[in-house]
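Visitor: Line by line, the protein sequences give chains A and B. Note that the numbering used here has the first sequence beginning at 105, numbered continuously upward. Note that the numbering used here has the second sequence beginning at 105, numbered continuously upward. Ideal placement from N, C-alpha and C gives every residue a C-beta, glycine not left out.
Protein chains: 2
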Amino acid sequence: MQDFDILVVGAGIVGIASAYHLQRNSPGKKVLVVERLGDVGQANTGRSNAMFRNTFTSVDNQTLASSAIDFYMHVQNDLGIDVGMDSIGYMWLMSEAQLSAAEGHIRRMVANGVEVKRYSEEELRRAIPGLETRQRSDDSRLMSLPDVAHGLFGPKCGRLAPEKLTGFYRDAFVEAGGKILFNQSARKLLVEPRDRIGIDGEPFVWQRSRVAGVELADGKEVRAGTTVVAAGAWNNKLTDPMGTDGHAKAKKRQLFAVPAGGVPLLGDLLFAKGFNPSGTLPFVILPKSGLFIKPVKESNEFWIGCEDEVNRPYMSYPDDDLEKFLAEPAYYENDIHQILKEYLPQFAGVRPSRMWAGLYSYNTLDNMPYVFPEEGLIVVGGDSGSGVMKGDSLGRLVDAVYRDGWDAEASLYGDVPYRASKLSFAHRDVEREDWVL
Amino acid sequence: MQDFDILVVGAGIVGIASAYHLQRNSPGKKVLVVERLGDVGQANTGRSNAMFRNTFTSVDNQTLASSAIDFYMHVQNDLGIDVGMDSIGYMWLMSEAQLSAAEGHIRRMVANGVEVKRYSEEELRRAIPGLETRQRSDDSRLMSLPDVAHGLFGPKCGRLAPEKLTGFYRDAFVEAGGKILFNQSARKLLVEPRDRIGIDGEPFVWQRSRVAGVELADGKEVRAGTTVVAAGAWNNKLTDPMGTDGHAKAKKRQLFAVPAGGVPLLGDLLFAKGFNPSGTLPFVILPKSGLFIKPVKESNEFWIGCEDEVNRPYMSYPDDDLEKFLAEPAYYENDIHQILKEYLPQFAGVRPSRMWAGLYSYNTLDNMPYVFPEEGLIVVGGDSGSGVMKGDSLGRLVDAVYRDGWDAEASLYGDVPYRASKLSFAHRDVEREDWVL
């Protein structure tokens, strides 16, 4: 295997966006992506809900997401490459108490240029067919379901197509000269002394050591000047053995696809008018357990999930095989459906036709992503379930750190300056994100 | 098994100090400590180097350690209970570049009341028998060993006896009415809905859930109003399965006991005069790899170790059995001894007579400890190798959080106020520690 200047491990959205920006800004360098699966975006990126929003509580997340969304819009509208951007909007349904708690966040969103629009209870009842804003049933009381008193709508939010978006980066990366090795997983980082002596047991503690590439699952070595670990939920499996914390804690997250056909009130809901040019319901978040409803008009269905934080394990080293993480029919039945039917009774008795699971890769410190270098190494991750919508910005940050070091000032899309060290641990300076879905 | 108000998992220094302060300040409450081993301080506390210092770069660490050291001194001098406090001092040997980099830290230490004294190269050569300040050999050049240009001495630093210190807390805790269950390990945290309905599968996502105690390895349950997880390197094993990050990353650390007998120049070094009332060498840190030398006059030996950061794995879930973590003779030979013999040639060819290993429990975010509550739970840890010297302060913080919640203002020993939320993650506000040994 020949040597490379840069080796990127992982072709999820963050890995392939990083590879693209690295190759584009260092056209003379040889860049290789190593991916365990057969194409880009096939693991957790492809299993994700693939929503985008700029309505975060953290101004850092607002900046990272806004810029990436602008870039994706540019790709679709200016370059003419469809990446599935569909600005259906986010509608946060809130109780009185939730809105009070959010007012500070909303003020700061507006100050930072994030567009939001408020809905009254009455407007919500008119606009969302079947919405039960007042919770009076025995089940509602048992579950402590709050009344819906307000709506907060984010128009610069919506859904995208992760397979198209990662496909765009793949093609652009390859066109710029980059290479991708599919169906090969990186088993281990190679750690070597910078100045090899040739004694057994190197590197010793008194040697300066560096990452020199990876060992693949088939035993071959790929050597590189810089190795970028962008393996998402699996970051720790590569970095922990060499003594660098990968800082990723994975949790299983589930999605349930519920058909809208056959139940007229579900069809009315799916195609609720007045919110967006697509003529569909926005992405709706209920005021309990972060339960969300995504309209998917092409397949005439909703994708439904929730925050799923109750007693759900964290994993530092999740299994490589995502097929082992199964969606649970009982979870829809006993957890999701119970809440859903109270706010939108047309879902009563309606069951999912498909379901799947993937992994969120949390940074449990502040729910914000990280980018940091070590010798010969850049680690990126921790996007805590919102990697798709920040992928372009994280890719530009990885590239900036590669070219200018830990304190690089990256230029995000739209000439937005952002200092990479803010997302490091040694010099971390980001606002915690409180709205994780 | 009867119910308890408070259950503390782990009787290392942090667990037993927490139990003591909890019981002392809530005399009417029933407090139980569950410990896997047969007595207090038998795992990593007992395997540690058991040094204490207030010379940290983080003002938070300075405060936490200074107050705890004052308390340990009070126990020994005022209460008349020997905990082995021996203020031999810390001597940091520094190169010109290291001192320059440290000047800012030193200024802030002095401003925060930390006493330090500077030594010139000449003073060091006179005071430390055999010290080779100028590095000119081929081996030195190969290892890039810097010259020793300065010494920084911390007099409010020294060694203590962890078995005596944890024994003091054990006895005082039991005398105050606390109970300890030895030789029983907590296998799992019990997570339950606050309001149980009686349906299979609780807690559901719409229920408010809480930690209600632990399941022991023998299958019995111990129920408690509040469970304190103070399991050090093993925190994640308890908290991760319920979806709370234990935030501990463990690394093996080794100590090598080298006899001073038979080599006159080693005896001279062990009993170097002029530094402290004990008439021994201080704890000396060489300017390479954090290599340290601890004089142990009772057994006429030195304990030697180093930072050991090169290619040393992090573990999120280390084995329970510390006997599996072996010290490595080759590590002394190829890593430690190579450096040691260049600065102190009397160690040339001298080998350790005993060696052992334990686990540091790092908080890789900022090398600072954490204390945070969840419902029915308090998690404490991440002391990053300096838990013994901060144990009393962490115990008081756990107690303050128990009594007054996440934003409690603890009163550390000496009436030093310290807000507990500074050590949480949700409201973290601590300075990173840069001097981890």
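I want to see whether chain B comes within less than 7 Å of LYS526 of chain A, judged by CB atoms only; does it?
Guide: Here residue 526 of chain A is taken as the residue at index 422 of the first sequence, counted from 1. Output row for LYS526 of chain A: interface = no.
Visitor: Report the CB separation of GLY262 of chain A from MET198 of chain A in whole angstroms; it is logged as a contact under 8 Å.
Guide: Reading the first sequence from its first residue, position 158 is the one you call residue 262 of chain A. Reading the first sequence from its first residue, position 94 is the one you call residue 198 of chain A. The pair is not a contact, with the Cβ atoms about 20 Å apart (cut-off 8 Å).
Visitor: MET459 of chain B versus chain A: which residues are under 7 Å apart at the beta carbon?
Guide: To locate residue 459 of chain B, count along the second sequence from 1; it is residue 355. By Cβ distance, chain A contributes nothing, its closest Cβ being about 15 Å from MET459 of chain B, past 7 Å.
Visitor: Considering Cα atoms alone, identify which of B:THR331, B:SER289, B:PRO307 is closest to ASP322 of chain B.
Guide: For the purposes of this step, residue 322 of chain B is taken as residue 218 along the second sequence, with counting starting at 1. Cα-wise, what sits closest to ASP322 of chain B is B:SER289.
Visitor: Just to confirm the assignment, what range does the beta strand (DSSP E) spanning LYS324 of chain B have?
Guide: The sequence position of residue 324 of chain B within the second sequence is 220, counting from 1. Looking at the DSSP string, LYS324 of chain B is not in any beta strand (DSSP E), and its letter there is neither H nor E.
Visitor: Determine the closest residue to ASP275 of chain B out of B:ALA514, B:VAL113, B:LEU527, B:ALA123, with distance taken between C-alpha atoms.
Guide: Residue mapping note: residue 275 of chain B aligns to position 171 of the second sequence, counting from 1. The option with the nearest alpha carbon to ASP275 of chain B is B:ALA123.
Visitor: Write down the C-beta distance between VAL309 of chain A and VAL414 of chain B rounded to the nearest angstrom, noting that I regard them as a contact closer than 8 Å.
Guide: Walking along the first sequence from the start, residue 309 of chain A turns up at place 205. Walking along the second sequence from the start, residue 414 of chain B turns up at place 310. Yes, VAL309 of chain A and VAL414 of chain B are in contact; Cβ-Cβ is about 5 Å, under 8 Å.
Visitor: Is there a Cβ of chain B sitting closer than 7 Å to that of SER393 of chain A, yes or no?
Guide: Mapped onto the first sequence, residue 393 of chain A falls at position 289. Cβ-Cβ to chain B under 7 Å: yes for SER393 of chain A.
Visitor: Give the residues of chain A in contact with TYR418 of chain B, contact being defined as C-beta atoms less than 7 Å apart.
Guide: Within the second sequence, residue 418 of chain B is the residue found at index 314, counting from 1. In chain order: ASP344, GLY347, ASP349.
Visitor: Check for me: the beta strand (DSSP E) holding ARG523 of chain A runs from which residue to which?
Guide: Locating residue 523 of chain A in the first sequence gives position 419, counting from the first residue. Residues 520-523.
Visitor: In three-state DSSP terms, what is PRO233 of chain B?
Guide: Taking the first residue of the second sequence as position 1, residue 233 of chain B is located at position 129. Coil.
Visitor: I'd like to know if TRP407 of chain B contacts chain A, where contact means its C-beta is closer than 7 Å to some C-beta of that chain.
Guide: Locating residue 407 of chain B in the second sequence gives position 303, where the first residue counts as 1. It does not; no Cβ of chain A falls within 7 Å.
Visitor: Can you tell me the Cα-Cα spacing of VAL295 of chain A and GLU432 of chain A, whole angstroms?
Guide: Within the first sequence, the letter at position 191 stands for residue 295 of chain A. Within the first sequence, the letter at position 328 stands for residue 432 of chain A. Those two C-alpha atoms are separated by around 41 Å.
Visitor: Below 7 Å between beta carbons: does that hold for ALA328 of chain A and ASN340 of chain A?
Guide: Residue mapping note: residue 328 of chain A aligns to position 224 of the first sequence, counting from 1. Residue mapping note: residue 340 of chain A aligns to position 236 of the first sequence, counting from 1. No, Cβ-Cβ distance for ALA328 of chain A and ASN340 of chain A is not below 7 Å.
Visitor: Nearest chain A C-beta to GLY305 of chain B closer than 7 Å, yes or no?
Guide: Within the second sequence, numbered from 1, the residue matching residue 305 of chain B stands at position 201. It does: the Cβ of GLY305 of chain B has a partner Cβ on chain A nearer than 7 Å.
Visitor: Specify the secondary structure class of LEU141 of chain B as computed by DSSP and reduced to three states.
Guide: Numbered from 1 along the second sequence, position 37 holds the residue referred to as residue 141 of chain B. Three-state DSSP puts LEU141 of chain B in coil, outside helix and strand.
Visitor: Does ILE443 of chain B have its Cβ less than 7 Å from a Cβ in chain A?
Guide: Sequence index remark: in the second sequence, residue 443 of chain B carries index 339 (1-based). Yes - at least one Cβ of chain A is within 7 Å of the one on ILE443 of chain B.
Visitor: Give me the subset of the region 115-140 of chain B whose CB atoms are less than 8 Å from a CB atom of chain A, sorted by chain position.
Guide: For the region 115-140 of chain B, which is checked against every Cβ of chain A, not one residue is closer than 8 Å.
Visitor: So, ALA121 of chain B versus TYR273 of chain B, is the Cβ gap smaller than 7 Å?
Guide: In the second sequence, residue 121 of chain B corresponds to position 17, counting from 1. In the second sequence, residue 273 of chain B corresponds to position 169, counting from 1. Yes, the Cβ-Cβ distance between ALA121 of chain B and TYR273 of chain B is below 7 Å.
Visitor: Does chain B have any CB closer than 7 Å to the CB of LYS353 of chain A?
Guide: Within the first sequence, residue 353 of chain A is the residue found at index 249, counting from 1. Yes, contact with chain B.
Visitor: Which residue marks the beginning of the beta strand (DSSP E) containing GLY486 of chain B, and which one marks its end?
Guide: By one-based count along the second sequence, residue 486 of chain B stands at place 382. Segment: none, GLY486 of chain B is in no beta strand (DSSP E) and carries neither H nor E.
Visitor: Based on the DSSP secondary-structure assignment, which residues constitute the bridge partners of HIS178 of chain B?
Guide: For this step, residue 178 of chain B is matched to residue 74 along the second sequence. Paired residue(s): none; HIS178 of chain B is not in a bridge.
Visitor: So which residues of chain A does PHE277 of chain B contact, with C-beta pairs closer than 7 Å?
Guide: To locate residue 277 of chain B, count along the second sequence from 1; it is residue 173. Those within 7 Å of PHE277 of chain B in chain A number zero; the least Cβ separation is about 31 Å.
Visitor: Just to make sure I have the definition right: I need the residues of chain A whose C-beta is within less than 8 Å of the C-beta of TRP310 of chain B. Which are they?
Guide: Position 206 of the second sequence, counted from the first residue, corresponds to residue 310 of chain B. Correct list: MET247, SER248, LEU249, LYS392, SER393, ASP439, GLN442, ILE443.
Visitor: For ALA504 of chain B, name the three-state secondary structure that DSSP assigns.
Guide: Within the second sequence, the letter at position 400 stands for residue 504 of chain B. In the structure shown, ALA504 of chain B sits in a helix (DSSP, three-state: H, G or I).
Visitor: In the region 379-461 of chain A, which residue ranges form an unbroken beta strand (DSSP E) of at least 3 residues, counting only runs that do not cross its ends?
Guide: Correct list: 387-389, 396-400, 405-409.
Visitor: Let me know if PRO368 of chain A comes out buried or exposed under the rule of 16 or more other beta-carbons within 10 Å of its beta-carbon.
Guide: Stepping through the first sequence from its first residue, residue 368 of chain A is reached at position 264. Result: exposed.
Visitor: Please state the DSSP three-state secondary structure of TRP196 of chain A.
Guide: Sequence index remark: in the first sequence, residue 196 of chain A carries index 92 (1-based). TRP196 of chain A falls in the strand class under three-state DSSP.
Visitor: Quick one: which residues of the region 462-479 of chain B get their C-beta closer than 9 Å to a C-beta of chain A? List them in chain order.
Guide: Hits within the stretch, in order: TYR466, THR468, LEU469, ASP470.
Visitor: If you drop the 5 nearest sequence neighbours on each side, which residues of the same chain put their C-beta closer than 8 Å to that of ASP423 of chain B?
Guide: Locating residue 423 of chain B in the second sequence gives position 319, counting from the first residue. Contacts found: PHE429.
Visitor: Residue range of the beta strand (DSSP E) that HIS351 of chain A falls in?
Guide: Mapped onto the first sequence, residue 351 of chain A falls at position 247. Where HIS351 of chain A is concerned, there is no enclosing beta strand (DSSP E), given that its DSSP letter is neither H nor E.
Visitor: Using only alpha-carbon positions, find the residue among A:ALA335, A:ASN380, A:VAL520 that is nearest to TYR474 of chain A.
Guide: Your numbering for residue 474 of chain A matches position 370 in the first sequence. Among A:ALA335, A:ASN380, A:VAL520, the Cα nearest to that of TYR474 of chain A belongs to A:ALA335.
Visitor: Three or more C-beta pairs closer than 8 Å, one from the region 249-269 of chain A and one from the region 364-383 of chain B: is that the case here?
Guide: As far as the Cβ criterion goes, the region 249-269 of chain A does not touch the region 364-383 of chain B, which means the pair count is below three.
Visitor: What in chain B is Cβ-close to TYR421 of chain A, meaning under 9 Å?
Guide: Here residue 421 of chain A is taken as the residue at index 317 of the first sequence, counted from 1. Chain B residues near TYR421 of chain A: SER420, TYR421.
Visitor: Helix, strand or coil for ARG263 of chain A, going by three-state DSSP, please let me know.
Guide: Taking the first sequence and counting its residues from 1, one reaches residue 263 of chain A at position 159. In this structure, ARG263 of chain A counts as strand in the three-state DSSP scheme.
Visitor: Taking Cβ-Cβ distances shorter than 7 Å, what residues in chain B pair up with ALA154 of chain A?
Guide: Counting from one through the first sequence, the residue named residue 154 of chain A turns up at place 50. Result: empty, since nearest Cβ-Cβ is about 22 Å, beyond 7 Å.
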